[in-house]
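According to the numbering used here, the sequence shown is numbered sequentially starting from 46. The C-beta atom is built at its ideal place from N, Cα and C for all residues, glycine as well.
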Amino acid sequence: MAKIQPLADRVLVKPIEAEERTVGGIIIPDNAKEKPLRGTVIAVGNGTKDEAMVLKEHDEVLYGKYAGTEIELDGEKFIIMRQSDVLATIK
């Protein structure tokens with residue numbers, strides 16, 4: 046995998062795939078599933094003069110439904126977003 050280094054206050058997050066659910070024996074198609082709102086931080090930027098980076102690699106985080114920009118690299122999906130788009134860390 047190519048190395049991506051986010052700039053400034055941005056973080057690179059690998060979404061954790063949502064579990065496949067069934068409703069009354071009917072499998073919900075991929076396009077009807079909710080976008081995952083949980084992921085693992087893969088890389089972080091250096092921060093800005095006004096905002097120090099609180100997040101670090103391997104943090105598990107929750108983020109907003111429409112946060113960041115989805116990118117695909119080597120067949121894997123990632124989201125690059127500002128640190129302020131992250132709602133919480135999961136301990």
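Measure from the alpha carbon of Ile87 to the alpha carbon of each residue in Ala133, Val131 and Glu102, then state which is nearest. Sequence index remark: in the sequence shown, residue 87 carries index 42 (1-based). With distances taken between CA atoms, Ile87 lies nearest to Glu102 out of Ala133, Val131 and Glu102.
With distance defined between alpha-carbon atoms, name the residue in Gly113, Arg83 and Ile61 nearest to Glu121. If you number the sequence shown from 1, residue 121 lands on position 76. Nearest of Gly113, Arg83 and Ile61 to Glu121, Cα basis: Ile61.
Cα-Cα separation, Arg55 to Asp119: Your numbering for residue 55 matches position 10 in the sequence shown. Your numbering for residue 119 matches position 74 in the sequence shown. Whole-angstrom Cα-Cα distance: 21 angstroms.
For Leu107, the first and last residue of its enclosing beta strand (DSSP E): The count along the sequence shown starts at 1 and reaches residue 107 at position 62. Start and end: Glu105 to Tyr108.
Does any heavy atom of the ligand NAP sit closer than 6 angstroms to the C-beta of Asp95? What this structure holds is no ligand at all, so the ligand NAP is not there to describe.
Spatial neighbours of Asp130 within its chain, please: C-beta separation below 8 angstroms, excluding the five flanking residues on both sides. In the sequence shown, counting from the first residue as 1, residue 130 sits at position 85. Cβ within range, chain order: Tyr108, Gly109, Ala112 and Gly113.
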